[in-house]
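In what follows, a structure is listed as structure tokens, so that the remarks can point back to it.
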Amino acid sequence: MTWTAALAPLRNRDFAWYFASRFVNTLGNMMASIALAFAVLDITDSPAALGQVLAAHTIPMIALLLYGGVIADRFPRTLVLQFSNLASAVSQGAIALLVLAGEAEIWMLVVLSVVHGAVSGVGFPAMASVLPQLVPREDLQPANALVSLTRNGMMVLGPTIGALLVVTVGSGWALAVDATTWLLAALLLVPVRLPARQPRAETPDTLRELREGWSFFWATPWLWIVVVGFGVLNAIHAGAWFTLGPAVADDTIGRQAWGVVLSAEAAGLLLTTVVLLRVRLERPLLLGMLGVAMMAPPMLLLGVSPTLVGLVTTAFLAGAGTEIFGMGWNLAMQENIEDGMLSRAYSYDALGSFVAMPVGQLAYGPLALAFGFRPVLVASAVAYVAVVALVLCSRSVRTLTRAPVTPEAAVTTTTS
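Numbering of the sequence shown is given in this note's numbering, commencing with residue 1 and proceeding in unit increments.
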């Protein structure tokens, strides 16, 4: 693939506006993730409290994912995204104001995280499934890569900038930037026009549409097998890396260094994205699952010997593997699932993948206090590799190849 072909999606006006929206939003999110973690730790040193705040976001997000999938398959996806972005701006802005004013308490962050998680659940399926409506089938891999490029590029800068703000002017400013970017992201979606959809023959019925989505999900082996596997993998990742990670870093390498580690992970994502702009993935799920296994070494090192050099190196490799999976998964979904079912498929994917995350977020703090940080992190790394191996036992996962490009697969230029 030439660089001209790799950058072709940016010549599409609608994709370019969507791309800009994702760009500014991602910068704020990357700063906010580390700022919120240390805002909680400034109120209380308990990793269990951090797990409660993270779970308060995740649980309502999961609860509304299926409804969000139905909404995104029924209404214009950019409209759904605008609503989600505006509501997120309000909730994150409230958190920022409380932190800046020094009035934040854990219960307040929990309540506002519930609101933010709920609107994220409504918006996620639309965000995940809108790309096939913006670009032709032959441009899906470069379009996904360009979106990943912005996300991963901001992941390199965001955590480091966020950590710098935390240690200089405090967590509230990074959270305030995140709120502003949610608002700007909504405004940048205004010019986007999606292809017209075929009118529905049936009267909208949420329960029927959910049943249709479930039937498709269960009838597609590679889809549900990977999703079930990621239910476990994400629980481990959320508990070991994102809940115990900041607490371990606070007592060992330091807050600023933890930001550098997260940026190294993002650098691995970024470099791999640039490669994937040119290199076609022919076995998206096989390579993706092998790549995601690279998340185990930094977890192991975090428990055994949390040194900055070691964590930066393994986090970089983990980021590279994670990006291979992310690209492979999106291509598998977008090329093998028709548009009218895609948002619901993504919602079942997200539900199954995320449903156990609150378990990890809530359980890992008490587990670390009961058994020690080191044994819990070492066991997590071993379990992570074991789950990846089990998923790869499925032939449907190992052998799934790229769908051929046909003229009928191209996106229509008729706008609504």
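No residue lacks a Cβ here, since even glycine has one placed at the ideal position from N, Cα and C. All of these numbers come straight from a predicted model, not from anything done at the bench.
Considering only their Cβ atoms, is the gap separating Ala-89 from Leu-189 smaller than 7 angstroms?
With contacts defined as CB atoms closer than 7 angstroms, Leu-189 and Ala-89 fail to qualify as a contacting pair.
How long is the line joining the alpha carbons of Arg-398 and Ser-171, rounded to whole angstroms?
Their Cα atoms are separated by approximately 44 angstroms.
Would you say Ala-267 and Phe-316 are within 7 angstroms of each other, going by their C-beta atoms?
Contact: yes.
Hey, quick one: how far does the alpha helix (DSSP H) through Trp-241 stretch, first residue to last?
Counting along the chain, Trp-241 falls outside any alpha helix (DSSP H), and DSSP gives it neither H nor E.
Cβ neighbours of Ala-56 in the same chain (closer than 8 angstroms, five flanking residues each side left out):
Correct list, in chain order: Leu-109, Val-110, Val-111, Ser-113, Val-114, Gly-117.
Beta-carbon gap between Gln-82 and Ala-186 smaller than 7 angstroms
With contacts defined as CB atoms closer than 7 angstroms, Gln-82 and Ala-186 qualify as a contacting pair.
Suppose the cutoff is 6 angstroms on Cβ atoms and the five residues either side in sequence are ignored; what does the same chain contact list for Pro-404 look like?
Closer than 6 angstroms at Cβ, skipping near neighbours: no residue.
Could you check if Arg-151 is buried or exposed, using at least 16 other CB atoms within 10 Å of its CB as the buried criterion?
When all chains shown are included, Arg-151 counts as buried.
Would you say Thr-273 and Glu-323 are within 7 angstroms of each other, going by their C-beta atoms?
Yes; because the gap between Cβ atoms is below 7 angstroms, this pair is in contact.
Apart from the five residues on each side of it in sequence, which residues of its chain come closer than 6 angstroms, Cβ to Cβ, to Val-130?
So the qualifying residues of the chain are Arg-77.
For Pro-76, does the three-state DSSP call read helix, strand or coil?
Three-state DSSP puts Pro-76 in coil, outside helix and strand.
Quick check on the burial criterion: 16 or more other C-beta atoms within 10 angstroms. Buried or exposed for Thr-168?
With fewer than 16 neighbouring CB atoms inside 10 Å of its own CB, Thr-168 falls in the exposed class.
Distance CB(Leu-351)-CB(Leu-54) smaller than 7 angstroms
Their beta carbons are not under 7 angstroms apart, which means Leu-351 does not touch Leu-54 by this criterion.
For Gly-372 and Gln-133, what's the separation of their Cα atoms in angstroms?
Within the model, the alpha-carbon separation for Gly-372 versus Gln-133 is close to 49 angstroms.
Just to confirm my understanding: we take Val-192, look at its own chain, exclude 5 residues before and 5 after, and list those with CB closer than 6 angstroms. What are they?
Closer than 6 angstroms at the Cβ level, and outside the excluded window around Val-192, lie Asp-14, Trp-17, Tyr-18, Thr-78.
When the Cβ atoms of the segment 299-316 are set against those of the segment 337-344, are three or more pairs found closer than 8 angstroms?
With the rule of 3 Cβ pairs closer than 8 angstroms, the segment 299-316 does not count as touching the segment 337-344.
Below 8 angstroms, how does it come out for the segment 343-362 and the segment 121-128: are there three or more Cβ pairs, yes or no?
Below 8 angstroms, enough C-beta pairs join the segment 343-362 and the segment 121-128 to call them touching: three or more.
Among Gln-52, Ala-94, Ala-363, Leu-41, nearest to Ile-236 - alpha-carbon criterion
Ranked by Cα distance from Ile-236, the first of Gln-52, Ala-94, Ala-363, Leu-41 is Ala-363.
Nearest-angstrom Cα separation, counted from Thr-180 out to Leu-269:
One C-alpha to the other measures close to 25 angstroms.
State the start and end residues of the unbroken alpha helix (DSSP H) segment that holds Val-275.
255-276 is the extent of the alpha helix (DSSP H) around Val-275.
Is Thr-418 buried or exposed, if buried means 16 or more other CB atoms sit within 10 Å of its CB?
No answer is possible for residue 418: it lies beyond the span of the chain, which begins at 1 and ends at 416.
Does Pro-375 pass the burial test, meaning 16 or more other C-beta atoms within 10 Å, or should it be called exposed?
The residue in question, Pro-375, is exposed, as its Cβ has fewer than 16 Cβ neighbours within 10 Å.
DSSP on Pro-195, reduced to helix/strand/coil?
Looking at Pro-195 - three-state DSSP - the assignment turns out to be strand.
For the pair the segment 96-107 and the segment 30-44, tell me if three or more CB-CB distances fall below 8 angstroms.
Taking a cut-off of 8 angstroms for Cβ pairs, the segment 96-107 and the segment 30-44 touch, as three or more such pairs fall below it.
Kindly list the residues whose CB is nearer than 8 angstroms to the CB of Ala-381, restricted to its own chain and excluding five residues on each side of it in sequence; keep chain order.
Counting only Cβ-Cβ distances below 8 angstroms, and skipping sequence neighbours, we find Ala-240, Ala-296, Pro-297, Met-299, Leu-300, Gly-303.
Under the three-state reduction of DSSP, which class applies to Val-135: helix, strand or coil?
Coil, per DSSP.
Just verifying my parser: in three-state terms, what is the DSSP assignment at Glu-103?
Under the three-state reduction of DSSP, Glu-103 is assigned to coil, being neither helix nor strand.
Residue span of the alpha helix (DSSP H) that contains Ile-337, given as start and end
From DSSP, Ile-337 is part of no alpha helix (DSSP H); its letter is neither H nor E.
Which term fits Asp-73, buried or exposed, when burial requires 16 or more other beta carbons within 10 angstroms of its beta carbon?
Counting Cβ neighbours within 10 Å, Asp-73 comes out buried, since at least 16 surround it.
In chain order, each alpha helix (DSSP H) run of at least 4 residues that lies wholly inside the segment 14-80
Counting only runs of 4 or more, we get 47-74.
Separation of Leu-392 from Val-355, as counted between CA atoms:
Whole-angstrom Cα-Cα distance: 21 angstroms.
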